[in-house]
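Working notes, beginning with the structure itself.
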Amino acid sequence: MSLLPQRSYCTTVKWLLKLTTTAKVPHRQVAMEILAQLLSNDAEKRNSDSGIESRKTSIEDNLEVHDNNKEAVVDTEKDQGNTMEEDSQSQSSISEFDIDPSEDISSLINQRRHCVPHGEIVRAIYERISDVSGTLRARAIAILTDLLGSDHDPIIEAMRDLSGDGTQCQLAKAATRCSSDERAAVRKAAVSLIHRLLVRNPHPTHYSTLVSLCRDASILVRGAAVNALADVALNNPTKLSLNAFLTGPMHQLSDPEAKIQEQVINLAQAIIVAPLQKFDPANTDECLPWSFLAGIVRLNMRKHLQKACMLLVKSSNSINHRLVDLVSTHLGVLSDARDLQSLVLLTSVARHVEYNDVAFLLDYYYKLAGTRQERQRDCRLMPLVVELISLWSRFIEDEARRTLREHLIQRIQIDADCRPACVSLAANLDPTDMHWATDLMKASERRALSGGPIDDWICAADLSLVAPEPPSFALINLYVAALQAPPPEWSESERGACVAGIGRICVRSRDASVVAAPQLAILLQDPAAPLCARLNSLLALTDVCTRYTCIVEPLLKSMCGCLSCDAPAELRRAAARVLTRLLLGGYLRLRTPLYYRFCALLADEDLEVREPAEYYVTSCLTVDVIYHHFVDCVLHYNNENEDRMSFDSRQLIYDVMLQRMSVVQRLNIQCRLAREILTHAADEIEEIRDDEELPAPLNAALLDTITLLCGPRMKLPKKPEKSGEADIEDLQERVTTNIVSHKMKRTVAEVLVPAVLRLYARLRTRGGQLATYIVKIATDLHNDYRQEIEELIEDDEELVERVRHFQDAIGLESSSGNTRNLVTSSAPPDPETPRSQKKRPRPYSHTPRKRKLKI
1 MSLLPQRSYC
11 TTVKWLLKLT
21 TTAKVPHRQV
31 AMEILAQLLS
41 NDAEKRNSDS
51 GIESRKTSIE
61 DNLEVHDNNK
71 EAVVDTEKDQ
81 GNTMEEDSQS
91 QSSISEFDID
101 PSEDISSLIN
111 QRRHCVPHGE
121 IVRAIYERIS
131 DVSGTLRARA
141 IAILTDLLGS
151 DHDPIIEAMR
161 DLSGDGTQCQ
171 LAKAATRCSS
181 DERAAVRKAA
191 VSLIHRLLVR
201 NPHPTHYSTL
211 VSLCRDASIL
221 VRGAAVNALA
231 DVALNNPTKL
241 SLNAFLTGPM
251 HQLSDPEAKI
261 QEQVINLAQA
271 IIVAPLQKFD
281 PANTDECLPW
291 SFLAGIVRLN
301 MRKHLQKACM
311 LLVKSSNSIN
321 HRLVDLVSTH
331 LGVLSDARDL
341 QSLVLLTSVA
351 RHVEYNDVAF
361 LLDYYYKLAG
371 TRQERQRDCR
381 LMPLVVELIS
391 LWSRFIEDEA
401 RRTLREHLIQ
411 RIQIDADCRP
421 ACVSLAANLD
431 PTDMHWATDL
441 MKASERRALS
451 GGPIDDWICA
461 ADLSLVAPEP
471 PSFALINLYV
481 AALQAPPPEW
491 SESERGACVA
501 GIGRICVRSR
511 DASVVAAPQL
521 AILLQDPAAP
531 LCARLNSLLA
541 LTDVCTRYTC
551 IVEPLLKSMC
561 GCLSCDAPAE
571 LRRAAARVLT
581 RLLLGGYLRL
591 RTPLYYRFCA
601 LLADEDLEVR
611 EPAEYYVTSC
621 LTVDVIYHHF
631 VDCVLHYNNE
641 NEDRMSFDSR
651 QLIYDVMLQR
661 MSVVQRLNIQ
671 CRLAREILTH
681 AADEIEEIRD
691 DEELPAPLNA
701 ALLDTITLLC
711 GPRMKLPKKP
721 EKSGEADIED
731 LQERVTTNIV
741 SHKMKRTVAE
751 VLVPAVLRLY
761 ARLRTRGGQL
771 ATYIVKIATD
781 LHNDYRQEIE
791 ELIEDDEELV
801 ERVRHFQDAI
811 GLESSSGNTR
821 NLVTSSAPPD
831 PETPRSQKKR
841 PRPYSHTPRK
851 RKLKI
């Protein structure tokens, strides 16, 4: 196109811009590709101006030299009188100067360069983001992503209107909209666009969009989102970017695809292990590993770090004693924050590394135990140090082991913050001699039974975890009596400590669990109880459930009550995390009523409550379970006895469930909705007088059902009416549609059409919103299932009359003719076959001659 004249060039560009809006997808695609190529070629030419000018100057110098040589040759030939003047001149010119054809063409193009309308082209490409073709949508997003990284001034000026700051950016809005597109290729392209926008202008909305795409149904989209967040975290390690990486990719360590797990593991190794260096007093700045560990501590994600270390051990040799050597140099030299981060990493690594030299750890323990009260150190340091010593206790020498054990036994009755960890470590140091635990437990029991403070109760409960003898029934009854009727002088913290104590005894004794679990459930439902006591009750029931599930299963209703909207926010968040952990561990099965409560969290306004449920339902819950309980959810969420949710919240829950279902399952859901809700509603409406209103649960269930049947999730993908609307990515859906279409649609029509028409006959006289929606769903059924309906009602005269009555009522032309000819009523007539005229026999003017018979 660069060789075209100015007017032809402009005409061609205008024609290409108009071609991007035509009906045929191939035409729009070719036009968009040519326009994108015009932008890229123009940028390359602009960037190579200096090279062209230099080549142009060298060509002009060579031409001057050629002219001088030409004059000298002509003078010489005139003196000699050579008759071959022109031939020798041309030969000398070719031999002395040979012009490269590529340089000649480039100079010609440079002289005839035209101005590209960058703004119009960029706007035309941007409009293709809303194209009906998924291929064009993905390609348009990819082109705009490349244009965002261009340093060409006209392109930057053209993109200025589309790119802005934060949520005002049109590209950001389009990328957010495309992130929920039905095509995986479009969502993946949206990830690249959001990534580019995030590099240019970090915004929390972009981070949240990428975090949500880390749980996408497509493995390609998940992988792209993980890579995008990791790239931002590596190149710009801010608190916002690291939090996004921790809340997004780090949760994919439990991804069902091993490829995604391996991807996250490699990124974790690049962030934590690879850049880690020995402590340098001259350089105390926060580098990437320590910023990442600070986020782990801030978000309380030690479990995820432990799993990452476990997977790193299986995939590489990066978790070894050299890593412990590096981290140990940072312990106790800078600040409590750095010590806390080091201990979090060491406790995650210690389970996989055999480290013999633990002298540095014992020195840090004694230093921390001796100066803790004076310096007011972080209270989280001592439990981590004790846990780390417990993991490496087998490498401690005998003399140091005895000294440490005696020191721990002395501190058990003094230090109540990490008493369970100290008791466990003292027991591990010498498992053969446990008389001290029994003696201390009995002493604490006696003080508690004689009216001692709550600290003696807790001390006896902690020691019961390792004591050979179980706690006495008197101590258990003392705790249960305090749960039923707490002393009035107790504060909220003392009541919370009492619940924590009985929880530890339940871990030790099954008899205590049987007695105390119902009381804990009652306390959990008491809105007047202190929040700390209710939280400890929830955690105590969780511990009991991991050991004795049969004791907690009858009490699940109390745990589900913590998820109600009236419960405190902290209790709801803790309940969502606890229930998700129990479901992931296999300690609970997602049965009703827990299933209804748990799925209701998908529409919760609190992000910390909603995220665990979204992760479990989208990644761990099987599709068969969702399909089995779908209709029950519709009925349950519209029951007056339960917490009523808004219409939008219910539709959001249904949409998340339907996303994971196949086409066949969605068609079966239509049949089940027709049988169990529409047919039942028609029977109920027959018994209600016209002047009475429908019951609220029935009205809400009907509204939800009709909205679902009218929605896009329930419909089969249609074939394009025109060949121009065909798309390459529609091929797979089209094949699936052809396979299941006729048989399944006929099955749906057999159940759904009679139910809808019957319900319409009952609601027509009432009017209102439901009647309007019934007309809409019936019209959609008539359009989408026309052939199946005509085949279905061939032998059903009553259904024929209902269809005709409905068509007359809404003003449609009656299409149901003779019931014996319904199959071919909608088929076009057979074309008339042209026939040629028959030739008449030629008349004979004379009779035929008779031949003689020769014998």
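No gaps in the numbering here: position 327 of the sequence shown is 327 in UniProt numbering, and each next residue is one more.
C-beta atoms are modelled at their ideal positions from N, C-alpha and C, and glycine is treated no differently.
Nearest-angstrom Cα separation, counted from residue j out to residue i
{"i": "Thr247", "j": "Ser208", "result": "9 angstroms"}
{"i": "Ser133", "j": "Tyr587", "result": "46 angstroms"}
{"i": "Leu584", "j": "Ala400", "result": "41 angstroms"}
{"i": "Arg644", "j": "Arg591", "result": "20 angstroms"}
{"i": "Trp15", "j": "Arg139", "result": "20 angstroms"}
{"i": "Leu535", "j": "Pro612", "result": "18 angstroms"}
{"i": "Gln410", "j": "Leu571", "result": "36 angstroms"}
{"i": "Ser619", "j": "Ile271", "result": "26 angstroms"}
{"i": "Ala427", "j": "Met434", "result": "7 angstroms"}
{"i": "Met441", "j": "Val515", "result": "21 angstroms"}
{"i": "Ala481", "j": "Pro453", "result": "15 angstroms"}
{"i": "Asn576", "j": "Arg123", "result": "Looking at the sequence itself, residue 576 is Ala, so the reference to Asn does not match. When rounded, the distance between both Cα atoms is 46 angstroms."}
{"i": "Glu60", "j": "Glu120", "result": "Note that Glu60 scores a pLDDT of 46, beneath 50, so its modelled location is shaky; the value from the coordinates is reported in the next line. Straight-line Cα distance between these residues: approximately 38 angstroms."}
{"i": "Leu345", "j": "Ile777", "result": "59 angstroms"}
{"i": "Ala600", "j": "Arg650", "result": "8 angstroms"}
{"i": "Glu750", "j": "Ile677", "result": "16 angstroms"}
{"i": "Ala567", "j": "Ala443", "result": "40 angstroms"}
{"i": "Ser150", "j": "Asn235", "result": "20 angstroms"}
{"i": "Asn320", "j": "Leu312", "result": "10 angstroms"}
{"i": "Glu605", "j": "Cys565", "result": "10 angstroms"}
{"i": "Gly332", "j": "Ile414", "result": "24 angstroms"}
{"i": "Leu667", "j": "Asp378", "result": "59 angstroms"}
{"i": "Cys10", "j": "Asn41", "result": "16 angstroms"}
{"i": "Glu510", "j": "Ala540", "result": "Inspection of the sequence shows that residue 510 is occupied by Arg rather than by Glu. Approximately 13 angstroms between the Cα atoms of the pair."}
{"i": "Asp216", "j": "Val656", "result": "12 angstroms"}
Unbroken alpha helix (DSSP H) run spanning residue i, endpoints
{"i": "Asn428", "result": "Arg419 to Leu429"}
{"i": "Gly134", "result": "Gly134 to Leu148"}
{"i": "Thr329", "result": "Taken as a continuous stretch (DSSP letters only), Thr329 belongs to no alpha helix (DSSP H), as it is neither H nor E."}
{"i": "Asp336", "result": "Asp336 to Val349"}
{"i": "Ser390", "result": "Leu381 to Leu391"}
{"i": "Val515", "result": "Arg510 to Gln525"}
Close beta carbons around residue i, own chain, < 6 angstroms, minus the five adjacent residues each side
{"i": "Pro471", "result": "Ser464 and Ile505"}
{"i": "His195", "result": "Ala228"}
{"i": "Thr833", "result": "Here the model assigns Thr833 a pLDDT of 48, short of 50, so the residue's position is not dependable, and the following value carries that caveat. Within the same chain, Thr833 has no close Cβ partners at all."}
{"i": "Ala512", "result": "Ile476, Ile505 and Cys506"}
{"i": "Leu267", "result": "Ala230"}
{"i": "Ala225", "result": "Val191, Leu210, Leu213 and Cys214"}
Neighbourhood of residue i by C-beta, 7 angstroms cutoff - its chain only, sequence neighbours within 5 removed
{"i": "Ser758", "result": "The identity of residue 758 in the sequence shown is Arg, whereas the question assumes Ser. Within the same chain, Arg758 has close Cβ partners Ala682."}
{"i": "Asp462", "result": "Arg419, Pro420, Val423 and Arg504"}
{"i": "Val544", "result": "Cys506, Ser513, Ala517, Ile551 and Val552"}
{"i": "Ile774", "result": "Ile706, Val756, Leu759, Tyr760 and Leu763"}
{"i": "Thr438", "result": "Ala467, Pro468 and Glu469"}
{"i": "Tyr654", "result": "Leu708"}
{"i": "Ala474", "result": "Leu449"}
{"i": "Val386", "result": "Cys418, Ala421, Cys422 and Leu425"}
{"i": "Asp336", "result": "Arg377, Asp378 and Leu381"}
{"i": "Leu388", "result": "Leu343, Leu346, Thr347, Ala350 and Leu361"}
The ligand NAP heavy atom lying under 6 angstroms from the CB of residue i
{"i": "His251", "result": "Among the components modelled here there is no ligand, and therefore nothing to report on the ligand NAP."}
Own chain, CB closer than 8 angstroms to residue i, minus 5 neighbours either side, in chain order
{"i": "Lys259", "result": "Ile219 and Gly223"}
{"i": "Leu19", "result": "His27, Arg28, Val30 and Ala31"}
{"i": "Leu326", "result": "Leu276, Gln277 and Lys278"}
{"i": "Val623", "result": "Arg660, Met661, Ser662 and Gln665"}
{"i": "Arg7", "result": "none"}
{"i": "His304", "result": "Leu246, Met250, His251, Leu253 and Ile296"}
Cross-strand partners of residue i (DSSP beta bridge)
{"i": "Asp280", "result": "Asn283"}
Q: Run through the segment 147-218 for me and flag every whole beta strand (DSSP E) of 3 or more residues, listed as ranges in chain order.
A: none
Q) What alpha helix (DSSP H) runs, 4 residues minimum, are completely inside the segment 1-43? A) 6-19
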